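Residue numbers (my numbering), protein chains in the order written: chain X, 5 to 336; chain Z, -12 to 477; chain L, 388 to 489.
In structure tokens:
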């Protein structure tokens, strides 16, 4: 038994150190492409850490959004940055103008001061964490006590879609704001010509239905087990990214109001349901207990559509205008 | 009938209405302008309703989802929240009518949905009683503000927006780490519950440090103000007005609220530090403003200086005696009106002359009298001359400083006032003189001139409203406030 | 003490590493990565300390908060990347204009 505990400890310690090491490497690698790949690896290791911490819901979200979609966004942005800067300032991004090089003598003092400040704040924050009581249940008792009347049996879904559903409503607005912000920079993304068919196209044709099924499963199972709108939405969004990578482009007609509807349907459903409950129950987003399960499933389904559309359109906007460089290795 | 109106949950409406309006703008871009104006007007009415309700029934509380804190999220409004909401609604209304004429149809489609969502975020923030929910509202506010900053797509605006985004994200993360420590220390994110549970231990002190630093960065308290001038000066005029008048007040409000409810009792040393930084901000911001050759940068640096006054509230120990909330809200309201008027006036001058070089204003006073009047009236309040609201607010601060023997702060305030007079008369002086090279001038729509002027008049009128504002926040202090309000007539 | 504290310390470490990179690197893409690492650090502290109740159950509220946080982070990252690209398109390089001292 002691052996197992020791092994667990060792595993956690290695994982923790691995996270720090990967983060350090990702942030200080001299090559940006390498930095992003290391960052994606870091995200996957984070997912493993979430599993170790009994947070499977978070692990799913991290793997799909934190590592997967963020990674795709970063790579797409880097590819576009290189096509841009190659024309102007050659090699700015491939060999960054400011690598972590030895500092000139003038700024050595400020560098030292920075290290000192950061060390002091690390010690302070570390001590603060250390000083916290070693046993605490937080709000888990309150959640457990009300789980029966929440309409679902997965406590994380209960928190996200019922107890703290108002946060989730605002979060849907944050997603919408990201799209509006990106659009206000670029206008609606232009329609790039279709790149030639690749292996990816065949692959994505095969994978699309599988991913849609996975998303539907995650959405359905989220009521009782790890999963839910965010995980399903990000898997569906990733499907969209894969299709976009393989050269598929939505028809121009789809990019108008059907897209706008898809982007807003999650937030819109929250608002409409919120106003309805305000009218009937006198409380914003207070579902009648008997209907709670159905209402949560409805909200989650529409939120899934919005999240997927948002993530896919963010990727399209960041990567559009230029042909994707998928074969980055040839540059190395 | 009237009782029915009183029972409507106006607090929730102030958040849901602009959200719905923003979504309508996304769905029907052609309807952006009317949807925007209707939503903003509706918010003004809803806040009037909320204010009526608070005056009838006392503080407002709404348990979202019916759960109640600490499991659920509560909306909460007292006098302080109400004044911040009124400030947002009135200044937002003025800026909206300005923006109606300012933006081309193409830009309007991009401006309105983001502005409505920003308005919802601000209302949600001022109504929240939950520190994690405040984080989400803070991020909404930040992303919307950055998106609006970059609206012109010009290179200086993009650079300003990029720096602003990184600063605002850093500030939010520091705040969030503070939330994490408080939650794990006290087992709740509800402010009222936390207030009962927290004691000054290592985790709470660290949370205090992280949250104060993060929020000070987002409020652009000197020396964390490096991001503000490029962002506020490069944004389109109505957006600059929104950023300077309202957005920085959001993070300031959270800090104030945390201080009033959680930290104020034991963090006197940090109060002193905040006050010193505030004093430094007044001097540095005013001197920088004096050096500028462009109006919008001048007004942006003036914001850095005026933020300093807000932070003088902390060392003057007003946090403990109950005056802090009313003073802070009053100063913030006064600055919001004056600064939005100034930025809108600057926008008119830019549209009129095609530039914002101070030296080339070229007798603007003859050709844009209303705009120059707006700038001058707003300037009266920024300088702190009677009978403006700026005078009343700064007089009360000065009074507090002198009665506590803080002559250093008093001297800083007086110097700040003189420097403000310097930079405002610099602009006005050039507005009266003829430039060496005459310029072509474009017409400025009357609504844009009137929007600036009305906001500036508001900054003056607020000076007469001090007793009412103070009574709203703290009924017991109404007597003191009415004395303060009549100081200038004596 | 459980492994909760171990991961919480790792989270603090990530926060500081990210902060360091945010300050010292000039390239905007590196700054964006740094902000993401800082965010992961905060999330790790939040979820790790929720494990203090023991092996069987952990507090679901931090889990929900972190899912919220991850979505906020990806939104902010997308906006930051779009801004960076636009800035690079205008200025030719992805660094912040003007003096660099944040």
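For each residue, glycine too, the CB sits at the ideal point set by N, CA and C. Fair warning: this is a prediction, and the values are worked out from it, not measured in the lab.
Buried versus exposed call for residue i [16 or more other C-beta atoms within 10 Å across all chains shown]
i, result
"residue 54 of chain Z", "buried"
"residue 93 of chain Z", "exposed"
"residue 388 of chain L", "Annotation note: pLDDT 48 at residue 388 of chain L (below 50); position unreliable, coordinate value reported separately. Counting Cβ neighbours within 10 Å, residue 388 of chain L comes out exposed, since fewer than 16 surround it."
"residue 110 of chain Z", "buried"
"residue 311 of chain Z", "buried"
"residue 57 of chain Z", "buried"
"residue 259 of chain Z", "exposed"
"residue 123 of chain X", "exposed"
C-beta neighbour in chain X for residue i, strict 8 Å
i, result
"residue 447 of chain L", "yes"
"residue 179 of chain Z", "no"
"residue 432 of chain L", "yes"
"residue 186 of chain Z", "no"
"residue 402 of chain Z", "no"
"residue 483 of chain L", "no"
"residue 137 of chain Z", "yes"
Closest by C-alpha distance to residue i, when choosing among the options
i, options, result
"residue 412 of chain Z", "Z:359, Z:442, Z:28", "Z:359"
"residue 349 of chain Z", "Z:402, Z:324, Z:415, Z:320", "Z:415"
"residue 36 of chain X", "X:50, X:65, X:57, X:83", "X:83"
"residue 478 of chain Z", "Z:394, Z:457, Z:398", "Look at the range of chain Z in this structure, -12 to 477, and you will see that residue 478 of chain Z is not part of it."
"residue 213 of chain X", "X:157, X:243, X:119", "X:243"
"residue 146 of chain X", "L:448, L:434, L:392", "L:448"
"residue 2 of chain X", "L:479, L:440, L:456, L:450", "This structure leaves residue 2 of chain X out entirely; chain X is present only between 5 and 336."
"residue 49 of chain X", "X:68, X:33, X:34", "X:68"
C-beta atoms of residue i and residue j nearer than 8 Å
i, j, result
"residue 343 of chain Z", "residue 422 of chain Z", "no"
"residue 145 of chain Z", "residue 320 of chain Z", "no"
"residue 215 of chain X", "residue 239 of chain X", "yes"
"residue 361 of chain Z", "residue 332 of chain Z", "yes"
"residue 383 of chain Z", "residue 314 of chain Z", "yes"
"residue 209 of chain Z", "residue 137 of chain Z", "no"
"residue 404 of chain L", "residue 24 of chain X", "yes"
"residue 297 of chain Z", "residue 378 of chain Z", "no"
"residue 322 of chain X", "residue 469 of chain L", "yes"
"residue 41 of chain Z", "residue 69 of chain Z", "yes"
"residue 59 of chain Z", "residue 51 of chain Z", "yes"
Any C-beta of chain Z under 8 Å from that of residue i
i, result
"residue 24 of chain X", "no"
"residue 178 of chain X", "yes"
"residue 396 of chain L", "no"
"residue 444 of chain L", "no"
"residue 390 of chain L", "no"
"residue 121 of chain X", "no"
"residue 463 of chain L", "yes"
"residue 422 of chain L", "yes"
"residue 98 of chain X", "Here residue 98 of chain X scores only 43 on pLDDT, less than 50, and its place in the model is too uncertain to base an answer on."
"residue 220 of chain X", "no"
"residue 101 of chain X", "Note that residue 101 of chain X scores 45 on pLDDT, short of 50, meaning its location in the model is unreliable and no value can be drawn from it."
"residue 182 of chain X", "yes"
Min CB distance residue i to chain L below 8 Å
i, result
"residue 196 of chain X", "Low confidence applies here, because residue 196 of chain X scores a pLDDT of 49, under 50, leaving its location unreliable; read the following figure in that light. Answer no: the Cβ-Cβ gap between residue 196 of chain X and chain L never drops below 8 Å."
"residue 61 of chain X", "yes"
"residue 92 of chain X", "Its pLDDT being 48, under 50, residue 92 of chain X is placed unreliably by the model, and the measurement read from it follows with that caveat. At least one chain L Cβ lies under 8 Å of residue 92 of chain X."
"residue 140 of chain Z", "yes"
"residue 275 of chain X", "no"
"residue 148 of chain Z", "yes"
"residue 185 of chain X", "yes"
"residue 13 of chain Z", "no"
Closer than 7 Å: residue i CB and nearest the ligand ATP heavy atom
i, result
"residue 23 of chain Z", "Of the ligands one can find in the structure shown there are none, so the ligand ATP has no counterpart to examine."
Q.
When you compare the region 158 to 167 of chain Z with the region 200 to 207 of chain Z, are there three or more beta-carbon pairs, one atom per stretch, that lie closer than 8 Å?
A. Between the region 158 to 167 of chain Z and the region 200 to 207 of chain Z, the count of Cβ pairs shorter than 8 Å is three or higher; the stretches touch.
(Q) For the pair the region 160 to 175 of chain X and the region 300 to 308 of chain X, tell me if three or more CB-CB distances fall below 8 Å. (A) As far as the Cβ criterion goes, the region 160 to 175 of chain X touches the region 300 to 308 of chain X, which means the pair count is three or higher.
Q) Would you call the region 120 to 133 of chain Z and the region 145 to 155 of chain Z touching, i.e. three or more CB-CB distances under 8 Å? A) The region 120 to 133 of chain Z, when compared against the region 145 to 155 of chain Z, does touch it at the 8 Å Cβ threshold.
Q.
So, does the region 431 to 447 of chain Z touch the region 211 to 223 of chain Z, judging by three or more C-beta pairs under 8 Å?
A. Cβ pair count under 8 Å is below three, so no.
Q. Below 8 Å, can you find three or more Cβ-Cβ pairs linking the region 265 to 272 of chain X to the region 173 to 182 of chain X?
A. Between the region 265 to 272 of chain X and the region 173 to 182 of chain X, the count of Cβ pairs shorter than 8 Å is three or higher; the stretches touch.
Q | Stretch-stretch touch, CB-based, cutoff 8 Å, three pairs: the region 397 to 407 of chain Z with the region 256 to 274 of chain Z | A | Yes, they touch.
Q) Is there contact between the region 26 to 45 of chain X and the region 72 to 82 of chain X, where contact requires at least three CB pairs shorter than 8 Å? A) With the rule of 3 Cβ pairs closer than 8 Å, the region 26 to 45 of chain X counts as touching the region 72 to 82 of chain X.
Q. With a cut-off of 8 Å, do at least 3 Cβ pairs link the region 89 to 104 of chain Z to the region 419 to 437 of chain L?
A. Too few Cβ pairs lie closer than 8 Å, so no.
(Q) I want to know whether the region 32 to 40 of chain Z touches the region -8 to 9 of chain Z - three or more CB-CB distances under 8 Å. (A) These segments touch.
Q. On the three-pair Cβ rule with 8 Å, is the region 404 to 420 of chain L touching the region 188 to 198 of chain Z?
A. The answer is no - the region 188 to 198 of chain Z does not touch the region 404 to 420 of chain L, with fewer than three Cβ pairs under 8 Å.
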